[in-house]
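To start, the structure under review is shown below, and the notes come after it.
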Amino acid sequence: SAVISQKPSRDICQRGTSLTIQCQVDSQVTMMFWYRQQPGQSLTLIATANQGSEATYESGFVIDKFPISRPNLTFSTLTVSNMSPEDSSIYLCSVQGSGNYGYTFGSGTRLTVV
Amino acid sequence: AQSVTQLGSHVSVSEGALVLLRCNYSSSVPPYLFWYVQYPNQGLQLLLKYTTGATLVKGINGFEAEFKKSETSFHLTKPSAHMSDAAEYFCAALTANDYKLSFGAGTTVTVRA
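Heads up: the sequence lines are chains A and B, in that order. If you want my numbering, it's the 1-based position in the first sequence plus 14. Take the second sequence: its letter number 86 is residue 84 in my numbering, and every next letter is one higher.
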């Protein structure tokens, strides 16, 4: 299965600023997924990122708040913009494995907004 | 999209006791089913998955799960809990022809010495 390197692993940010999270995959993948996990909660899909096209956002998430880049088949970034304390969460990227429907997850970025 | 229900947000077991985590899905069409584990301050690790074939699926770390279509369930078990099993466990489902995983709310497992 694919190996994902996600960084930063954690950060403490001031409200009103932005943070960009990076995910690097060791193999080419068609789709990459970005999730948010709020404290004590399950995972919520933010958006799906395909190379060469704009990301597809789920209900409740907008591009202005969570811009995503997907410049090639092994890399994606998620930016959390104009942060507020409510954005304090773990953000995870994920990719779909080939053929066996196994999804691999990055180790997550633990974001605290103060 | 699938709806996944995990019964029990918190399970506490004694070391050496059976671990049973319950998961039900909502679909008349059997989905692909997954169990993930999340250790503190880490990402998600796939424990096991059911796609087709044998309904009893064995995963890593001694865990197994049984797909029961008649009960729309995919409960996770481990015969003997170890302290290292303390973690958050998520059940997830994926419908064929879809690509979005639906997650349950998660179950936190604590293991008592």
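Positions of the beta carbon are idealized from the N, C-alpha and C atoms, including for glycine. Note that the coordinates shown come from a computational prediction; the quantities given were computed from them, not determined experimentally.
Using 9 Å as the threshold, is the C-beta distance between Gln55 (chain A) and Gly57 (chain B) below it? no
Beta-bridge pairing of Asn64 (chain A) - partner residues as DSSP gives them: A:Met45
Ala91 (chain B) vs Ser100 (chain B) beta-carbon contact at 9 Å: yes
Give me the residue from B:Leu45, B:Ala85, B:Cys21 with the minimum Cα distance to Gly102 (chain B). B:Cys21
Does Pro29 (chain B) pass the burial test, meaning 16 or more other C-beta atoms within 10 Å, or should it be called exposed? Its Cβ being crowded by 16 or more others within 10 Å, Pro29 (chain B) is buried.
Can you tell me whether DSSP reads Pro159 (chain B) as helix, strand or coil? Chain B is shown from -1 up to 111; residue 159 (chain B) falls before or after that span and cannot be answered.
How would you list, in chain order, the residues of chain B whose beta-carbon sits under 8 Å from the beta-carbon of Gly120 (chain A)? Gly41
Consider the Cβ of Ser103 (chain A): report whether some Cβ of chain B lies at a distance smaller than 9 Å. With 9 Å as the cut-off, Ser103 (chain A) does not count as an interface residue toward chain B.
Can you tell which of A:Lys21, A:Pro22, A:Leu87, A:Val76 has the C-alpha that lies nearest to the C-alpha of Ser41 (chain A)? A:Leu87
In its own chain, which residues sit with a C-beta less than 6 Å from the C-beta of Thr106 (chain B), not counting the 5 before and 5 after it? His8, Glu86
By DSSP's criteria, Val127 (chain A) is part of a beta bridge. Which residues make up the other side? A:Cys27
For Gly74 (chain A), count the other beta carbons within 10 Å of its own beta carbon; 16 or more makes it buried, fewer makes it exposed. Which is it? That one is exposed.
Residues in the same chain with beta-carbon distance under 7 Å from Leu44 (chain B), minus the five sequence neighbours each way, listed in chain order, please. Phe32, Tyr34
Taking Ala16 (chain A) and Val39 (chain A) to be in contact with their CB atoms under 8 Å, please state how far apart those CB atoms are, rounded to whole angstroms. Contact between Ala16 (chain A) and Val39 (chain A) holds: their C-beta atoms lie close to 5 Å from each other, under 8 Å.
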